[in-house]
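Enquirer: Read in my numbering, the sequence shown has 771 at position 681, and its numbers run on one by one without any break. We put the beta carbon where it would ideally sit given N, CA and C, even for glycine. If you scroll down you'll find the structure; I have some questions about it.
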Amino acid sequence: MKYQENQKDISLKIKKARKLFILSCEIVVLNFLSILPVTAATEEPVLSVVYGQENANQWTGISDRLQTIGVKYCVISLNDVKSGADWGDRRVLFLPNVETLTPTQAIALEDWMSKGGRLIASGPVGSLSSPGVRQLLRSLLGGYWGFSFSDTEQIQAAKTKIPQWTNQTGLFGKVRGGVVIPNDMGSESPAVWNSKDHPAAVVTTERSTFLGWRWGTDTASAAELDNAWLKTTINHYLTALAPSNRTKKIAGGSQSCSTTVAAVPSVQGSRGAGEQRGGSSLSSPAKTATAPITRPLPMVKPPSSQEAIDQLEQAVRLDVAPNSNEPIDNRQAIALQQELENLIGRVESAHLAVLADAANVGETISEEKQFSRDLNTPQSVKEQPTQLASTKLGALAISKDQALAQARLIAKNLPQLIAQKNYALARQQWLTAKTTLWQQFPVDRKLAQPEIRAVWLDRGTIVRAGSKAGLAQIFDRLAQAGINTVFFETVNAGYTIYPSQVAKEQNPLIRGWNPLEEAVKLAHERDMELHAWVWTFAAGNQRHNEILNLNPNYPGPVLAAHPDWANYDNLGNMIPVGQSKPFFDPANPEVRQYLLKLYEEIVTKYKVDGLQLDYIRYPFQDPSAGRTYGYGKAARAQFQQLTGVDPVNISPSQTDLWQKWTKFRTEQVDSFVAQVSQQLRQKQPNLILSVAVFPLPEQERIQKIQQNWETWARRGDVDLIVPMTYALDTSRFQRLAQPWIASKQLGATLLVPGIRLLSLPTIGAFDQLQLVRDLPVSGYALFAAENFSNDLQKIFSSTQGRIQSTTSEPIPHRQPFQTAAIRYTALQREWKFVFQNDQRQRPSQKISDFNNQAEVLRSALNQLAASPSASKLLVARASLTRFQSQFRVLMSQEIKSNSYQVKVWENRLVTIERLLRYGERRLQLRPL
């Protein structure tokens, strides 16, 4: 009884304490949200707001909203941030609409947040920064800016369970913004867009909140909605702390706080032909904080081993952070499980390719047990140790079969661990399984079939080669590694790599030799193709100017000689704010004629096998932020002649006119690609034309850079589309590349995904290559030669390198029918290997039917490869279509045991189908 009385007494005390605590919290909240403005005015600032050149023209709206909220704040000049301390000692940092951060600033931000800082960001934060910066910001923000909507959309609460602090009135309404793509792990999306698939409008984590619109701009959102989100978010991050910590400063942060009254200067840029067009002076009334005076953009130095970019790439973390106990939702759990199962499939697929090839040529190879759960090692294959990727990652503790069994078990148990809220252990086991599986890739046996194996040979590597002898060493390494196509940087920043009769100046870093002439010889001596890689509409480069010790604003040799050829943004800048390259005006007929004449010189004077157009676009813009480009002298005159309106006087709010302006600029690029294709093929009929492009969604891409490469593909203007699908992990690479690989909009053009080697682990690169080989594509392109390490070369030499033989391996874009026939023969070897070593009984009639149909297709493809004709192509395509329609029925048992491998085989049949379509167009084979 006494025990019960004590318990009641304790309960009453707890209730009283709880009421007192809630009351205290309410007072803190009311004070903070300026419901008691007198008290708020005397508080120390708890918020820092970042001012930079990119939000300078929005600063009046930003500061007006901050004044309305009533919170006292400090202003941080982005230009002054060089370390974590420079982000200040206030607990919360607001980063409104800043699209460019340097590597140093991004690393400093990570350091500041690691000490307890909380970040609120809005708009396409960091979207114009380098890839490494974007990757780090993605981990700090819990997601990244995907794309902008062209119209206003409704923000609504997510239907899934949302954080309680976002369950407030006033947070939802009409906004012009963009989609925020949340990370797979540790992110929540409390607000979504009322559009197809309900993509995220707000992403939040324990230490950051990312608002998917430009906060503080009337064109994006109402002030009431902006204020509601900022007040609620700041309040959340302050009240989430223990009361004693709410006023605690960030250790080591700068205590300085700019609060004096000053004007925000206007941001203007110089315009060509003596014309000035700048905005009115932007000044703000007296506030509780002040924007600093703007400064010129700093010069950007090229990366070196001591630069912050290298520190940044080392600091970038993958989505799955070890030992993190942040909650994992159902969507994330499914993604983790699927990712692990896909990796298991890739490892098995690589081993099957090795085993089938070895069995075919009678080589000896060792597999301790079976290829898959029910395949025994064939008696004809003698044992010999197979080197696994573990030689690069540390001692291998378990066999391949043990590793696969362990990974399957982990994948199976993940949902249970997550249901038990054992998030840290789930992540730990997932990472262990991934590392162990990576160690199982076979790295000393040939497994690659004929494919496009391209590499971008960059200007820096060419310069460092210094001579023909130095360049020969590079080509020797690439040839030994099985590379068969080289994109050789020939025009860069307005300079040619060779002495030109057309261009103004050869690159000053090249002295006393002609790299293009030597490269063509070196490539052809090694049975490699050499494609001239050219910058198209990008005319200069501030980074290159720094190397040459030139004025950073030097526009390059061509624009310096022809200033009327320049393009400008809507503020009159030749180089857009936050970017580093001036551009030509694609509408200028003199520009087009110059470029065509230059490319004609390259393809006729030098025996190049192809031409790759890079920067075949306008620079990045964002119309919803009032940042647009394309106002060159010729473009303005032509558009005004068409519509009667000067494009500088229209805005995105004028929907019809703006669509016409966007279409006009897009057509300038489209028509130039068509003109290049037609004119150069007349001079060099066998020329392969490729384009390096951005893998953004089509409509977003057209709005931002006026690059509509689907049109070029459908028209047959180009042979190869090379999207820059750069990612530091295989799952992200797949998400970037998959939509374009599956696209039906590319006609007969081949798609070749790009893989960025910088900061990518050797086995991580190999994993991405294995994914490419399991998808319906004909090859890959590596960026770039300067990152092609010795470890990578060693693995490539073993798995795809040259084999001494009298015949060279076909290249898909050059010999599509021969490639199709060889790739199909390799598929047959894999099927034969599986059937011979599968212990399950199959009906003899079923096996016979399968073999008969497979043989009919093999014969048709071989006949087409030996002597291409329209009639043989017709037979081959009909045989392939018939075989594809029956394939899943014939493989019904395999689907049950290894659906991933069956899907891989289907993908490879699709690759053969695409090669036949490409070959038909390339060789102009049409049935009579």
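1. Measure the C-alpha to C-alpha separation of V444 and W623 and round it to an integer number of angstroms.
2. For Y585, which of helix, strand or coil comes out of DSSP?
3. Out of W748, N798, H652, point me to the one whose CA is closest to Q730's CA.
4. Is S215 helix, strand or coil by DSSP?
5. For L947, does the three-state DSSP call read helix, strand or coil?
6. Checking the sheet assignment: what are the DSSP bridge partners for T575?
7. Among the residues of its own chain, which have a CB less than 7 Å from the CB of R1011, if the five just before and after it don't count?
8. State the beta-bridge partners of L137 as determined by DSSP.
9. Please report how far the alpha carbon of A381 lies from the alpha carbon of A827, in whole angstroms.
10. Our contact map puts W520 next to I500 with C-beta atoms below 8 Å; I'd like the distance itself, whole angstroms only.
11. Rounding to the nearest angstrom, what Cα-Cα distance links L876 and K162 in this structure?
12. Please work out which residues of its chain come closer than 7 Å, Cβ to Cβ, to V171, disregarding the five sequence neighbours upstream and downstream, and give them in chain order.
13. How about S590 and E691: do their beta carbons lie closer than 8 Å?
14. Provide the residue(s) that pair with V693 in DSSP beta bridges, ordered along the chain.
15. My output table needs one value for A107: the three-state DSSP class, helix, strand or coil.
16. Rounded to a whole number of angstroms, what is the C-alpha to C-alpha distance between G1025 and T801?
17. Nearest by alpha-carbon distance to I740: which of E757, Y719, I811, Q758 is it?
18. So for V410, helix, strand or coil by DSSP?
19. What residue from W921, I252, S987 has the CA that sits closest to A449's CA?
20. Compute the distance between the beta-carbons of E200 and L230, then report whether it is under 8 Å.
21. For L191, which three-state DSSP category applies?
22. Considering only residues of the same chain and omitting the five flanking positions on each side of K536, which have a CB-CB separation below 8 Å?
23. Tell me whether E314 is buried or exposed, calling it buried when 16 or more other Cβ atoms sit within 10 Å of its Cβ.
24. Whose CA, out of T329, D287, Q428, P653, lies closest to the CA of R297?
25. Please tell me whether Y644 and G630 are closer than 8 Å, where the distance is taken between their beta carbons.
26. Quick check on E984: does DSSP put it in helix, strand or coil?
27. Exposed or buried, what is L732 when buried is set at 16 or more other beta-carbons lying within 10 Å of its beta-carbon?
28. If you draw a straight line from the C-alpha of V862 to the C-alpha of R436, how long is it?
29. Of the choices A832, N942, L847, A956, whose alpha-carbon is the least far from that of R998?
30. Along the alpha helix (DSSP H) that carries Y708, what are the first and last residues, could you check?
31. In this structure, how does DSSP classify R863 when only helix, strand and coil are distinguished?
32. Below 8 Å on the Cβ atoms is my guess for A609 versus L561; work out the distance and round it to an integer in Å.
33. Would you mind giving the Cβ-Cβ distance between V265 and S311, rounded to the nearest angstrom? I have them listed as a contact below 8 Å.
34. Among W751, V965, L688, K524, which one has its Cα closest to the Cα of Y588?
35. For G1009, report the span of its beta strand (DSSP E) as first-last.
36. So which of E416, S934, F907, Q797 has the shortest CA-CA distance to A960?
Expert: Taking the coordinates as given:
1. Taking the first residue of the sequence shown as position 1, residue 444 is located at position 354. Taking the first residue of the sequence shown as position 1, residue 623 is located at position 533. Their backbone Cα atoms lie some 34 Å apart in a straight line.
2. Translated into positions along the sequence shown, residue 585 becomes position 495. Note: Y585 maps to strand in three-state DSSP.
3. Counted from its first residue, the sequence shown places residue 730 at position 640. Out of W748, N798, H652, the CA that lies nearest to the CA of Q730 is found in W748.
4. Indexing the sequence shown from 1 puts residue 215 at position 125. It is worth fixing the name first, because residue 215 is Val in this sequence and not Ser. Coil.
5. Position 857 of the sequence shown, counted from the start, is the residue given in the question as residue 947. Looking at L947 - three-state DSSP - the assignment turns out to be helix.
6. Numbered from its first residue, the sequence shown carries residue 575 at position 485. The secondary-structure analysis by DSSP pairs T575 across a beta bridge with A544, E619.
7. Within the sequence shown, numbered from 1, the residue matching residue 1011 stands at position 921. Here the set comprises G806, A838.
8. For the purposes of this step, residue 137 is taken as the residue at position 47 of the sequence shown. L137 is bridged to Y163, V182.
9. To locate residue 381, count along the sequence shown from 1; it is residue 291. To locate residue 827, count along the sequence shown from 1; it is residue 737. At A381 the pLDDT is 37, less than 50, meaning the model places this residue with poor confidence; the figure from the coordinates comes in the next sentence. Spanning the two alpha carbons is a distance of roughly 42 Å.
10. Your numbering for residue 520 matches position 430 in the sequence shown. Your numbering for residue 500 matches position 410 in the sequence shown. Contact flag correct, Cβ pair sits at about 7 Å.
11. One-based indexing of the sequence shown puts residue 876 at position 786. One-based indexing of the sequence shown puts residue 162 at position 72. The residue you asked about is not Leu; residue 876 is Glu in the sequence shown. Just so you know, the alpha carbons of E876 and K162 end up roughly 49 Å apart.
12. Counting from 1 along the sequence shown, the entry for residue 171 is found at position 81. The residues are W177, Q195, A198.
13. One-based indexing of the sequence shown puts residue 590 at position 500. One-based indexing of the sequence shown puts residue 691 at position 601. For S590 and E691, yes; Cβs fall inside 8 Å.
14. Taking the first residue of the sequence shown as position 1, residue 693 is located at position 603. Answer is none; V693 lacks a bridge partner.
15. Within the sequence shown, numbered from 1, the residue matching residue 107 stands at position 17. Only weak support exists for where A107 lies, its pLDDT of 48 falling under 50; the value from the coordinates is given anyway. Three-state result, A107: helix.
16. Residue coverage of the chain in this structure runs from 91 to 1018, which leaves residue 1025 outside it and unanswerable.
17. Your numbering for residue 740 matches position 650 in the sequence shown. Measuring from the Cα of I740, the nearest candidate turns out to be Y719.
18. For this step, residue 410 is matched to residue 320 along the sequence shown. It is coil, neither helix nor strand.
19. Working through the sequence shown from its first residue, we reach residue 449 at position 359. Across the set W921, I252, S987, the C-alpha of W921 shows the shortest separation from the C-alpha of A449.
20. Mapped onto the sequence shown, residue 200 falls at position 110. Mapped onto the sequence shown, residue 230 falls at position 140. Cβ distance < 8 Å, so E200 and L230 count as in contact.
21. As a first step, residue 191 must be located in the sequence shown, where it is residue number 101. In the structure shown, L191 sits in coil (DSSP, three-state: anything other than H, G, I, E or B).
22. Taking the sequence shown and counting its residues from 1, one reaches residue 536 at position 446. Around K536: V444, D447, S888, T889, Q890, G891, I893.
23. By 1-based counting over the sequence shown, the position of residue 314 is 224. The residue is exposed, with fewer than 16 neighbouring Cβ atoms inside 10 Å.
24. Here residue 297 is taken as the residue at index 207 of the sequence shown, counted from 1. When each option's Cα is compared against that of R297, the closest is T329.
25. Residue 644 sits at position 554 when you count from the first residue of the sequence shown. Residue 630 sits at position 540 when you count from the first residue of the sequence shown. Closer than 8 Å, so yes.
26. Counting from one through the sequence shown, the residue named residue 984 turns up at place 894. Reduced to three states, the DSSP call for E984 is helix.
27. Residue numbering aside, residue 732 sits at position 642 when the sequence shown is read from its first letter. So L732 counts as exposed.
28. Looking up residue 862 in the sequence shown gives position 772. Looking up residue 436 in the sequence shown gives position 346. Going from the Cα of V862 to the Cα of R436 covers about 10 Å.
29. Residue numbering aside, residue 998 sits at position 908 when the sequence shown is read from its first letter. When each option's Cα is compared against that of R998, the closest is A832.
30. Position 618 of the sequence shown, counted from the first residue, corresponds to residue 708. Counting along the chain, Y708 falls outside any alpha helix (DSSP H), and DSSP gives it neither H nor E.
31. Counted from its first residue, the sequence shown places residue 863 at position 773. Helix, per DSSP.
32. Position 519 of the sequence shown holds residue 609. Position 471 of the sequence shown holds residue 561. About 6 Å; that satisfies the 8 Å criterion.
33. Here the question's residue 265 lines up with position 175 in the sequence shown. Here the question's residue 311 lines up with position 221 in the sequence shown. 5 Å between Cβ atoms; contact.
34. Indexing the sequence shown from 1 puts residue 588 at position 498. Checking every option, the nearest Cα to that of Y588 belongs to L688.
35. One-based indexing of the sequence shown puts residue 1009 at position 919. First-last for G1009: 989-1012, but that is the alpha helix (DSSP H), not the beta strand (DSSP E).
36. As a position in the sequence shown, residue 960 is number 870, starting the count at 1. Taking each of E416, S934, F907, Q797 in turn and checking the Cα distance to A960, the smallest one comes out for F907.
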